[in-house]
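Here's the structure we're looking at; comments come further down.
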């Protein structure tokens, strides 16, 4: 289905939301991605990705948790929807299939 | 408590501005967290910098676009509500609505009329195809101080000379006019006929309705539409003939074509046009060849892209050629004035066409603008005055969820509604006032729905609605609901002074206008009742249409004929007892002036005096006073040839100690002074009395003069002095007799006193305009005051309530209001006093004879102002003073 294509970065974000179950908000996700991948990721690109993912229906959000550290402002917390889980699964299966399809010859010598 | 660093305030505000409020919290919160972290790690400065980068990075359609989509609450949906609320507002507060609407209505009516006027004035002479390349020639002769002759009427040879000498000139066209008799079958009438070069229509194109534009042969005649109908009804006039008296006899002219009537906004208004060569019947040989006689207007059509000044610079070369030895550089200059400039340029002398003035346009536009601005200000002031009441409405609307923008559109729609109503009423008012306005302005304006007018009106409506609605829209919509519902709304004290200033200004204007009107009335009355030094009651002046032959050979015969005609009429009228005396003269009274004779005196000075050619009955008919000497004697032949009467001014100016019995100064010494007349006003009272000579046989004067200028037609007129109880009947009798004695002349008469009154027509018109403007000024000033008082009263309801509770009577409270506002009025009047004094002084200086500006006039004006202001204040202050204190103090 067009429009439901999962970009590489989007996949990362989606996975991270899963990892941070119930405490997945913009900054936390950014930190987690940076820690795990070692890439420098801006909080704005993460927010944009989160917005797109929500528009595609892969994420669901709710407002909650205003803290002192945030100057009293609430955070938007994300969780993966069933559609999102499905998309992740399909992506993973696609990856595995393509892996299987590579002839053993290529891997010799690694 | 650890000190908290804050992120850069500006960056934060930027974020708050562009970001969708729904997303703002999460974004801003994240950035805040980050910021604090960075402060710990890198310090405040770097944290701030990185914060900025973050804010800018978030500036992405995803975060901004959604916000706009959020605001698609269609204002059109709410419009119905706004309209009904606005309507309800108007109905519930009829007084305010009426004041607003009437103020705006009057302003709009005025603006519309002035727009039409200005539009037409500016469009003058632009309807011709080649209007931009047409110029009118002018001639300036400069022989030193006091001897400068500037004319826009030009010599006859100029046109052809220009055309042949300069290839830059495509066509040169001359046009002149004369008054003559036109006969068709049995019907004879006096008409003004124009003669023009055949190429006339190439320069001044006109739409041809029948036939073609053809002035090639001498007997051709072009008619305008209305004249074609006048003489030929519905029949095709082409090929038919009219008889026109040219020279001694009637000649047949054949109609070659009919053109559209010249539109109102064109300087050259003609009805009948014949070829230029016919001028030989109306001008002397000298006028046709001489370069120092000015008779006709000369227009040139230039080739494209010709630089006018460069062309003008070449003129002296041509002038040297044609003038020959007489030419001295600087003495005789020819220049070109753009056609489109003629109508409004008052610096050039009038040629054949009447001229207006740029000043009128400026003044009228200024007045219109002023009135509009003032009406808007009054609207705003009233809105402010009512803001307390409206504030509650605003508070509730906001509490229910109205956005500021919605409130703004509501208030602007209200203003628009009121403006639209005012506009419609204003146009209705303008239509009513149109006939009077047209009369005053001497125009035939129409309220047409043509695109320009509609564009103007729409623009005006939008502009006014926007301006007038700005206060409520911007200020009222900003009220915080919380404050409003608690009743703690302030209404801008700082603007109080500005408003007071405006009202003072308006009353100052009103005071000036009132003074002006009073003074002008006084002056006009003075003019109409001043003793002019001659009798003017019941004297009928009958115009004749003789062929003017003033050159040496013809003069004798001409004078003879003139005397004969008068004698003839005198005999015939002898049987009417009401006819007392009659006289025949070149000029009478009530004309622009007589003729001015210029000459060089013995001691080489250029001097001037005025002259009239009369007969021996002139002094008696007009009852002029003889101070010394005697009148002309009918029996005395020498009197006829060489006697003159002079006036006091002449004796003084030419230093004649004992003039009677002595000759006139050289070169007129063949004339002897037989009497000195007391000064009389032969011109309007705008001018002082100048030296005057009255003569019966002017040959000696004509032969020795240098310059002669006719201020009006010198065609001899017969003045008949009547003493009758039933004037109309007497005139009918005279008319009968006239028809018998002079059947080829029309009976064209006017009463001298009426003609003289007409000289002050300009002042009378100005007086009417002033009356209207004064009424307007007072009306608007009162409205301004009313608005101000309303505002003040509304603000002070509590104060008044408390005063009443403490025992103040209604009258004491009214007195309080009075003190506050009368002060303003008095100040306004005091400022107006010197201003109006100066203005009136300057206007009166235009008159050689005028009233003195005395105190009573100003006092009366002052009292009128005070009275009007009092009435205005009275209503509102009484109302406020009577309100029950329990109502105003309820909320405390």
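Residue numbers (my numbering), protein chains in the order written: chain R, 1068 to 1177; chain D, 109 to 1000. Positions of the beta carbon are idealized from the N, C-alpha and C atoms, including for glycine.
The C-alpha of residue 1110/R is placed about 11 Å away from the C-alpha of residue 141/D.
For residue 957/D, no alpha helix (DSSP H) encloses it, and the DSSP letter there is neither H nor E.
Taken through DSSP and simplified to helix, strand or coil, residue 797/D comes out as coil. Take residue 391/D, set aside five residues on each side of it, and the residues of its chain with a beta-carbon closer than 6 Å to its own are 403, in chain order. By the neighbour-count criterion, in which a residue is buried when 16 or more other Cβ atoms sit within 10 angstroms of its Cβ, residue 350/D is buried. A residue is called buried when at least 16 other Cβ atoms come within 10 angstroms of its Cβ; residue 918/D does not meet this threshold and is exposed.
Per DSSP, reduced to three states, the secondary structure at residue 337/D is helical. For residue 142/D, the neighbours in chain R by C-beta distance under 7 Å run, in chain order, 1094 and 1110.
By the criterion of at least three beta-carbon pairs nearer than 8 Å, the region 855 to 870 of chain D is not in contact with the region 530 to 537 of chain D.
Remark: three or more beta-carbon pairs, one from each stretch, lie closer than 8 Å, so the region 1072 to 1080 of chain R and the region 1117 to 1129 of chain R are flagged as touching.
For residue 357/D, the enclosing beta strand (DSSP E) stretches over residues 357 to 367. Put simply, the region 304 to 314 of chain D does not touch the region 246 to 257 of chain D. Fewer than three CB pairs are less than 8 Å apart. Pairwise C-beta distances place the region 675 to 692 of chain D in contact with the region 827 to 843 of chain D, as three or more of them are shorter than 8 Å.
For residue 1114/R, the enclosing alpha helix (DSSP H) has its first and last residue at 1110 to 1123.
When CB distances to chain D are screened at a threshold of 7 Å, the residues of the region 1108 to 1133 of chain R falling below it are 1109, 1110, 1111, 1114, 1115 and 1118, in chain order. For residue 1136/R, the residues of chain D that pass the 8 Å Cβ criterion are 140, 141 and 144, in the order they occur in the chain. Distances from the CA of residue 970/D to each of 909/D, 994/D and 941/D were compared; the closest alpha carbon is that of 941/D. A Cβ of chain D is located within less than 8 Å of the beta carbon of residue 1140/R. By the C-beta criterion, the region 917 to 936 of chain D is judged to be in contact with the region 974 to 991 of chain D, since at least 3 inter-stretch pairs fall below 8 Å.
With respect to the 8 Å criterion, residue 447/D and residue 239/D are classified as neighbours on the basis of their beta carbons. For residue 1127/R, the enclosing beta strand (DSSP E) begins and ends at 1126 to 1131.
For residue 1143/R, a Cβ of chain D is located within less than 8 Å of the residue's own Cβ. Contact between residue 401/D and residue 263/D holds, since their C-beta atoms are separated by about 6 Å, short of 8 Å. About 15 Å separates the Cβ atoms of residue 967/D and residue 933/D, ruling out a contact at the 8 Å cut-off. Assignment of residue 828/D by DSSP, reduced to helix, strand and coil, places it in the strand class. Between residue 1081/R and residue 1151/R the beta-carbon gap is near 6 Å, inside 8 Å, which marks them as a contact. Residues of chain R whose Cβ lies closer than 9 Å to the Cβ of residue 577/D do not exist, since the nearest Cβ in that chain is about 38 Å away. Beta-bridge pairing by DSSP links residue 734/D to 785/D. Neighbours of residue 170/D across chain R, judged by C-beta separation under 7 Å: 1115 and 1118.
Counting C-beta atoms within 10 angstroms of its own C-beta, residue 628/D has 16 or more neighbours from the protein chains shown and is therefore classed as buried. Contact check for residue 612/D and residue 935/D: beta-carbon distance about 6 Å, within the 8 Å limit, so the pair qualifies. Per DSSP, the continuous alpha helix (DSSP H) segment holding residue 807/D begins and ends at 807 to 812. DSSP places residue 792/D outside both helix and strand once states are collapsed to three, so it counts as coil.
Of the candidates 955/D, 888/D and 116/D, 116/D places its Cα closest to the Cα of residue 152/D. Residues of the same chain with a CB within less than 7 Å of the CB of residue 812/D, apart from the 5 flanking positions on each side, are 707, 775 and 776 in chain order. With three or more CB-CB distances shorter than 8 Å, the region 461 to 478 of chain D counts as touching the region 222 to 233 of chain D.
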